[in-house]
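The numbering of the sequence shown is numbering that gives the first Met the number 0, which starts it at 0 and goes up by one.
Some notes on the structure that comes next.
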Amino acid sequence: MDKLAIKGGTPLSGEIAISGAKNAALPILCAALLTDEIMTFSNLPHLRDVTTLLRLLAQMGVRVTPESEAAAALDASGLNNPCAPYDLVKTMRASILVLGPLLARCGEARVSLPGGCAIGARPVDQHIRGLQAMGAEIQVEQGYIQAKAGHLQGARICTDMVTVTGTENLMMAATLAEGETIIENAAREPEVVDLANCLVNMGARIFGAGTDVIRVQGVERLHGAAYAIMPDRIETGTYLCAAAVTGGRVRLLKTAADTLDSIIDKLMEAGCDIQIAREAIHLQAPARLKSVSLRTAPYPAFPTDMQAQFMAINCVAEGVATIRETIFENRFMHVAELQRLGADIQIEGNNAVVRGIAGLQGANVMATDLRASASLVVAALAAQGETRIDRIYHLDRGYEDMALKLSRLGAKVERI
Ligand code: EPZ
């Protein structure tokens, strides 16, 4: 099992390019199921989750043709097995995103329940309820979602809470339904907008993506299209935190600052100087950051996927920060590992109080989930001495070539 060995204390400097967004690529690749014509995707990130999803689609009968490191063509004309088996779904919950497209295209689907993960139970009841409102008959038995539908019917759906993949599943299903579907309390995340843009390129009629009310007028069929995945705002935020906590000065290329407002605001509040250029962000960190409190919430508020990384920078900032996690019930798995590096963090329910200290000490730590492992990398870069992070396969799920990109920025990091 690979580890990362990081020697902290070096201010990051230089420039790297940001990859395509994992959480846009996953739903957008599933959209290929909605048409029997060829879809070509570019700016695809080279990640385990993407590879897993392409394997899942291939075993359904989708022909996957890699075109380059970051491009692939998908042909779902031979779709013959609308099933997502447990052994694949258990490794990547986002597999649930095939449910809506399969029901819309084939009228049936058998998808393993994703089950929980380290950060929470993560049920999919909103996905199921919305599809049932559109006329699908759905049973959950032996750990599988068994779904059947004639022609899906447009419906007015209001989800109980804002759900990103729930909104994406329902939006995809609605593109081929009879009549109009209205999704209220819809997620406004940029990745939902990226998916909507791809679907519109395929001939879908979608209005309001990016707001909390999305209208979809069903059409007979969707045609093939070419689409470039948006840049990854969470990867961008993670490298900004790494530069900020090491007193560095970096330039991130091929990114989109307008999807990171809440993250940039918090980094400026912490004392960073940030300049926005077209498709680039430049950060100059202060000698020492100031503590910044935050509360996670659906977009455009502060993203839960950046909570762990900001906890890491608060560990060595000047002052006391309160971090409130409102999206997932168990997203403080990184706290115990940060405490092994010497961090002063007290958890009270879904609040964490972080008292900044002068410096962390390197130690052996273990990654538990994707963003928790990112926070350990950020903390290790600031710590004195060497930190070894175990189980970094979690990192490979969501960060393309992280050790290489950090080395390019001058970090002393080695994959062992
Ligand atoms: C997406 O997960 C992201 N994953 C997550 O990123 C992200 O943390 C999350 O949205 C919140 O922004 C992808 O896009 C592939 P939700 P998703 O449905 O859609 C509850 C990462 O690190 N809920 O918005 O699964 C749920 O339990 C990952 O890249 C229900 O109760 O999250 C949670 O408390 C981690 N029933 C809240 O809603 C449902 O049917 C928000 O979940 C659906 C959700």
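Just so it is clear, CB atoms sit at the ideal spot from N, CA and C, and this is done for glycine as well.
No experiment lies behind these values; they were computed from the predicted model shown.
Assuming residue i contacts residue j under a Cβ cut-off of 8 Å, what Cβ separation, rounded to an integer in Å, is found between them?
i	j	result
A227	N42	5 Å
V215	R204	7 Å
C314	L359	6 Å
E444	V218	In this structure the chain extends from 0 to 415, so residue 444 is not present and cannot be described.
N80	G99	With a Cβ gap of about 17 Å, N80 and G99 do not count as contacting.
P26	T164	7 Å
L52	M91	7 Å
I144	L169	Rounded, the Cβ-Cβ distance is 14 Å, inconsistent with contact.
N184	C157	5 Å
L380	T174	The pair is not a contact, with the Cβ atoms about 43 Å apart (cut-off 8 Å).
L87	R54	7 Å
Pull up the distance between the alpha-carbon of residue i and that of residue j, whole angstroms please.
i	j	result
A172	L408	43 Å
V412	L3	7 Å
T321	F301	14 Å
R390	R62	32 Å
L416	P297	Look at the range of the chain in this structure, 0 to 415, and you will see that residue 416 is not part of it.
I280	G77	43 Å
N200	D343	50 Å
M229	A75	23 Å
S406	F331	28 Å
L101	A108	6 Å
T64	H126	30 Å
C271	I262	11 Å
A410	T9	6 Å
Q308	V353	13 Å
T436	K6	No answer is possible for residue 436: the residues shown for the chain start at 0 and end at 415.
E188	E167	10 Å
Q131	T254	38 Å
Q58	G119	28 Å
K265	G178	43 Å
A154	T180	5 Å
L337	Q274	30 Å
E418	H393	With the chain covering 0 to 415 only, the question about residue 418 has no answer from this structure.
S374	T235	14 Å
G247	C105	52 Å
A117	A371	10 Å
T367	R339	14 Å
A269	A362	26 Å
R128	V97	16 Å
A378	D304	16 Å
P299	D260	8 Å
T245	H222	48 Å
The beta strand (DSSP E) with residue i in it runs from where to where?
i	result
P65	R62 to S67
H45	Note, H45: premise wrong, no beta strand (DSSP E); not H, not E.
M38	I37 to S41
F427	In the structure displayed, the chain extends from 0 to 415; residue 427 sits before or after that span and is not available.
A73	Note that residue 73 corresponds to Leu in the displayed sequence, not to Ala. A70 to D74 is the span of the beta strand (DSSP E), which, as asked, contains L73.
G13	S12 to A16
L251	R248 to L252
C157	R155 to C157
When we look at the beta-carbon of residue i and count the other beta-carbons within 10 Å, is it buried (16 or more) or exposed?
i	result
I346	exposed
M133	buried
R47	buried
V398	Going by the sequence as given, residue 398 is Tyr instead of Val. Its Cβ being crowded by 16 or more others within 10 Å, Y398 is buried.
D257	exposed
A357	exposed
L11	buried
P44	buried
T162	buried
T237	buried
L293	buried
A395	The sequence given here places Asp at residue 395; Ala does not occur at that position. Under this definition D395 is a buried residue.
I415	exposed
D231	buried
Q138	exposed
M160	exposed
M267	exposed
G348	exposed
What first and last residue would you give for the alpha helix (DSSP H) that runs through residue i?
i	result
L28	K21 to C29
E167	V163 to A173
D86	Y85 to V88
K6	Note, K6: premise wrong, no alpha helix (DSSP H); beta strand (DSSP E) at L3 to K6.
G397	Y392 to G397
V237	Residue identity differs from the one stated: residue 237 is Thr in this sequence, not Val. Taken as a continuous stretch (DSSP letters only), the alpha helix (DSSP H) holding T237 covers R232 to V244.
M91	Segment: none, M91 is in no alpha helix (DSSP H) and carries neither H nor E.
A311	Q306 to C314
A378	L369 to A381
N196	P189 to N200
K404	M401 to R407
When you compare the CB of residue i with every CB in chain B, is at least one pair closer than 9 Å?
i	result
A362	Judged by its chain identifiers, the structure shown contains no chain B, having just a single protein chain.
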